[in-house]
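Below is one structure, written out as structure tokens; the observations come after it.
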Ligand SMILES: Cc1ncc(C[n+]2csc(CCOP(=O)(O)OP(=O)(O)O)c2C)c(N)n1
């Protein structure tokens, strides 16, 4: 075990994957100089461990700023023998390549009756909460959950970031990993040896009996903080991190709700058609009789992301809004609701 | 160009396979035997076959909605293609692709695409594979003059140019995108656009001459195989049928005289005359070739008729390499 940052864990997974298989290549904007810190041990090219020096220019390739062809070419390469890891930097840039994601990456294997496999990983970082404004702050994973054929990964800690990325590279299906920049600096114990975390297996981040909180990405540490503070008030909160949204570990969530009888879903995506909406629907369909209170979603209100810290800070699920939702489903306190918390999780009568 | 009689006859054979297959498919659409629609390459066979014959067996290609010609030109057996158009289980994609999304990996066909321009990056990526793996394969992207105005072509040419990828961008300029004349929506000359990327752009003015197309495509393929990077080849040709079979456009967007003049330049007739004139084959030999191709098409239809439809459960197969847990 070694203490590693979330970002360092991604770099470690990439390095292991590159060493293990010569078909793994990394392409993306600015990957050669390691500006984002995932293609080398340090930021300096001279540092030992620089990917360009280790693996050569054939396998570490800077691309032009051409997201459509980056994604499409990676798909074509995956269909013909490579296992590309594509660094798309910011998640908001995925829209540039929507045709390739939706019409090629997700559909080719299916349309061609299984003739093609699509072993490609697309990494992108969600820069929300960092005052980068509306063009860099998106959390678009629910849009891609709506596209059959893709696998969606949302690591919330360094251990998961490494283990899930190794599984992603092994996968013969296309995987999109959404990394939260807010978590990049988070440190955690990570094994130095190789390990993989299977897709579709949720992690119970904290056990509890009164309410189940399913939290996604940066909402996981916030949900844990909320659980911790509510423990002092005598509430026992279970926190589940699904880790992958496609495939989704519905069983783990249903089992938990069957025990606790209550569900809060904390999801940094926009509320409408969020991952939280889907998870809520699954629980309503499969475990309605276990519910002792209405499901509450804590999501980002359906507004664009403003620049000013004074405006942005309130929007995403945080320990306060999650705690507020937990109080509501457990009936422990009505509480005074902030405007953002009200928009994010309107009471049933609103 | 010094081509063997065998190669020349193979060109004629492949053009005939496309022509007779597409004619039959067109009839089957009209009779309701093929659901949906098909886009034929009738009139454009020289352009398709000239390009495909320039490729080797291991080479890749991607294509568009005008779809059957490409895999046939590359040597696909006809039965599974026809079965796919009808939606049978024995179809080359098991009935999940249909005309717009044919693929036959056995002959390097990485897939046709219903989205105009969308398959160009796929061929570019196959070029990246070849380069990284060093396997010497070339890949060719077929697309129309309409697709030439999609931005992804320019992203792809730039990427292939800067990485010296073994890719041939082949523009099938049949002068119309559905009803829209190319010159009304295309600024400048398509082939000249390559210059902006520092790669060769060549225009084959007579796309009805299979040898002219072959020569230009072979030069581009050779260049790619030598590691010198991509080429844009624009071929001027004409489609004899409507944009798609069964489509009845109310307006006459093509000039009658223009169309008549092009119908005079049927690539299969022209090549037949040439083969006879230069003594490569006799009229009888060529008649025999035609009869053999017709039999092949008949057999493809019989194969299709004999084939079952896919089991409904197949709709849920092949999305992922292994089924992922989805609650029903
Ligand atoms: C992205 C996209 N836009 C529009 C269409 C509808 N459409 C199908 S074929 C076609 C014309 C294509 O023209 P061209 O690329 O020149 O190919 P051709 O049909 O002439 O062979 C159009 C507009 C489509 N399929 N995809």
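Chains as they are written, first to last, in the UniProt record's numbering: chain A, 1 to 350; chain B, 1 to 328. Note that the Cβ used here is the ideal one computed from N, Cα and C, for glycine as well.
Taking all protein chains shown into account, do 16 or more other C-beta atoms lie within 10 angstroms of the C-beta of residue 308 of chain A, making it buried, or fewer, making it exposed?
exposed
Considering residue 141 of chain B, what are the terminal residues of the beta strand (DSSP E) in which it resides?
139 to 144
Exposed or buried, which one is residue 24 of chain A when buried takes at least 16 other CB atoms within 10 Å?
buried
Can you tell me whether DSSP reads residue 3 of chain A as helix, strand or coil?
strand
For ligand 1, I want to know if residue 241 of chain B counts as a neighbour, meaning its beta carbon is within less than 7 Å of at least one of the ligand's heavy atoms.
no
Between residue 171 of chain A and residue 196 of chain A, what straight-line distance do the alpha-carbon atoms span, to the nearest angstrom?
11 Å
List the whole-angstrom C-beta distance separating residue 97 of chain B from residue 113 of chain A, where the pair is believed to meet the contact cut-off of C-beta under 8 Å.
7 Å
Using CA atoms only, rank isn't needed, just tell me which of A:169, A:179, A:215, A:202 is closest to residue 194 of chain A.
A:169
If you measure from the beta carbon of residue 263 of chain A to each beta carbon in chain B, is any gap under 8 Å?
no
Give me the chain B residues within the contact set of residue 69 of chain A, using Cβ-Cβ distance strictly less than 7 Å, ordered along the chain.
121, 124, 152, 155, 156, 159
Contacting positions in the stretch 87 to 100 of chain A - beta carbon closer than 7 Å to chain B:
99, 100
How many Å lie between residue 246 of chain B and residue 34 of chain B at the Cα?
11 Å
Please classify residue 187 of chain B as buried or exposed, where buried requires at least 16 neighbouring CB atoms within 10 angstroms.
exposed
Between residue 148 of chain A and chain B, is there a C-beta pair that is closer than 8 Å?
yes
Reduced DSSP category for residue 221 of chain A - H, G, I as helix; E, B as strand; rest coil
helix
Amino acids of chain A, ordered along the chain, whose beta-carbon sits closer than 8 Å to that of residue 162 of chain B
64
Does ligand 1 have even one heavy atom less than 7 Å from the beta-carbon of residue 178 of chain B?
yes
If you reduce the DSSP assignment to three classes, tell me which class residue 151 of chain A lands in.
strand
Just reading off the alpha helix (DSSP H) that residue 38 of chain B is part of, what are its end residues?
Element bounds for residue 38 of chain B: n/a, residue is neither H nor E.
Closer than 7 Å: residue 235 of chain B CB and nearest ligand 1 heavy atom:
no
Nearest-angstrom Cα distance between residue 1 of chain B and residue 61 of chain A?
39 Å
Rounded to a whole number of angstroms, what is the C-alpha to C-alpha distance between residue 190 of chain A and residue 142 of chain A?
28 Å
Can you list, in chain order, the residues of its chain with a C-beta nearer than 6 Å to that of residue 99 of chain B? Leave out the 5 residues immediately preceding and following it.
38, 67, 85
Does the beta-carbon distance from residue 214 of chain B to residue 15 of chain B come in below 8 Å?
no
Which residues mark the beginning and the end of the alpha helix (DSSP H) in which residue 271 of chain B is found?
267 to 277
To which residues of the same chain is residue 406 of chain B closer than 7 Å at the C-beta, ignoring the five residues directly before and after it?
One cannot answer for residue 406 of chain B here, as it falls past the ends of chain B, which runs 1 to 328.
Stretch-stretch touch, CB-based, cutoff 8 Å, three pairs: the stretch 289 to 296 of chain A with the stretch 311 to 318 of chain A
no
For the putative contact between residue 109 of chain B and residue 74 of chain B, defined by C-beta atoms under 8 Å, what is the C-beta separation to the nearest angstrom?
6 Å
Quick one: grab the DSSP three-state call for residue 290 of chain A.
helix
Below 8 Å on the Cβ atoms is my guess for residue 202 of chain B versus residue 49 of chain B; work out the distance and round it to an integer in Å.
Contact flag wrong, Cβ pair sits at about 18 Å.
Examine ligand 1 and report whether any of its heavy atoms sits within less than 7 Å of the Cβ of residue 143 of chain B.
yes
Would you call the CB atoms of residue 121 of chain B and residue 76 of chain A closer than 8 Å?
yes
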